[in-house]
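**Student:** Got a structure for you, written out below as structure tokens; questions coming shortly.
Quick look at the structure:
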């Protein structure tokens with residue numbers, strides 16, 4: 590998790606909405622020093638937050654932390670947003686025997702490191718139980734990259750007035 594942006598706002602709105610409908614939901618944040626505003630907004634909104642302190646790219650340590658949080662919460666579904674979370678979350682969910690859902694927000698291209706990370710993300714997305722694409726073009730791209738149709742859903746980004754959910 591980083592500063593509060595589009596994906597973070599979507600996570601907050603989704604979790605708050607689930608809780609409004611009686612679903613026990615919490616956020617597990619892979620957090621670094623820039624994550625404070627996001628975590629604070631979650632807490633102000635009354636969303637339970639578990640934090641795996643994840644400065645840098647220490648995937649094995651992060652994986653252990655996520656698996657421990659899944660066990661502690663007795664989670665039955667892990668829903669990820671973002672490439673790092675998609676990769677670590679898929680591995681953690683498989684290791685803990687829980688269902689995994691990933692919301693794909695899109696790809697930005699960029700330099701070779703970013704493109705490599707996106708390839709790793711797509712490989713992980715192929716192994717999630719369900720993948721949600723936030724647009725039809727993204728769903729088509731994911732299908733082209735090997736995400737199986739029976740695992741792929743399109744739920745277009747929606748907008749809800751921030752004053753109704755977000756502090």
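Numbering (the working numbering), first residue to last: 590 to 756. Even glycine gets a Cβ: it sits at the ideal position worked out from N, Cα and C. The structure displayed is predicted, hence computed values, not measured ones.
1) For residue 665, report the span of its beta strand (DSSP E) as first-last.
2) Based on Cα-Cα distance, which residue from 682, 615, 730, 603 lies nearest to residue 696?
3) Name the DSSP beta bridge partners of residue 620, please?
4) So which of 739, 711, 694, 662 has the shortest CA-CA distance to residue 613?
5) If we count Cβ pairs, one from each stretch, closer than 8 angstroms, do we get three or more for the region 699–706 versus the region 720–728?
6) What does the alpha-carbon distance come out to for the pair residue 598 and residue 744?
7) Taking its Cβ as the centre, do 16 or more other Cβ atoms sit within 10 Å of residue 621, making it buried, or is it exposed?
8) Using C-beta distances below 6 angstroms, list every residue in its chain close to residue 684, excluding the 5 sequence neighbours before and after it, in chain order.
9) Since I believe residue 711 is in contact with residue 737 (beta carbons under 8 angstroms), could you give me their beta-carbon distance rounded to a whole number of angstroms?
10) Could you tell me the boundaries of the alpha helix (DSSP H) in which residue 604 lies?
11) Quick check on this structure: which residue in 652, 658, 636 has the alpha carbon closest to the alpha carbon of residue 676?
12) Taking buried to mean at least 16 other C-beta atoms within 10 Å of its own C-beta, is residue 633 buried or exposed?
13) Could you tell me how far apart the beta carbons of residue 641 and residue 659 are, in whole angstroms, since I believe they sit closer than 8 angstroms?
14) Output the boundary residues of the alpha helix (DSSP H) element that contains residue 631.
15) Look at the alpha carbon of residue 644 and the alpha carbon of residue 610, and state the distance between them as a whole number of angstroms.
**Tutor:** Short version:
1) Within the chain shown, residue 665 is the residue found at index 76, counting from 1. Per DSSP, residue 665 belongs to no beta strand (DSSP E) and is neither H nor E.
2) The count along the chain shown starts at 1 and reaches residue 696 at position 107. Nearest of 682, 615, 730, 603 to residue 696, Cα basis: 730.
3) For this step, residue 620 is matched to residue 31 along the chain shown. Answer is 642.
4) Here the question's residue 613 lines up with position 24 in the chain shown. Closest by alpha carbon: 662.
5) no
6) On the chain shown, residue 598 is found 9 positions in, with the first residue counted as 1. On the chain shown, residue 744 is found 155 positions in, with the first residue counted as 1. Approximately 16 angstroms between the Cα atoms of the pair.
7) Position 32 of the chain shown, counted from the first residue, corresponds to residue 621. Answer is exposed; the Cβ neighbour count stays below 16.
8) As a working mapping, residue 684 is identified with position 95 in the chain shown. Excluding sequence neighbours, residue 684 sits near 656.
9) Position 148 of the chain shown holds residue 737. Position 122 of the chain shown holds residue 711. Not confirmed; about 12 angstroms, so no contact.
10) In the chain shown, the residue the question calls residue 604 occupies position 15. Taken as a continuous stretch (DSSP letters only), the alpha helix (DSSP H) holding residue 604 covers 595–609.
11) Taking the first residue of the chain shown as position 1, residue 676 is located at position 87. Checking every option, the nearest Cα to that of residue 676 belongs to 652.
12) As a working mapping, residue 633 is identified with position 44 in the chain shown. With fewer than 16 other Cβ atoms within 10 Å, it is exposed.
13) Along the chain shown, one-based indexing puts residue 641 at 52. Along the chain shown, one-based indexing puts residue 659 at 70. So it is not a contact: roughly 11 angstroms between Cβ atoms.
14) To locate residue 631, count along the chain shown from 1; it is residue 42. 625–633 is the extent of the alpha helix (DSSP H) around residue 631.
15) The residue given as residue 644 occupies position 55 in the chain shown. The residue given as residue 610 occupies position 21 in the chain shown. In a straight line, the C-alpha of residue 644 is about 34 angstroms away from that of residue 610.
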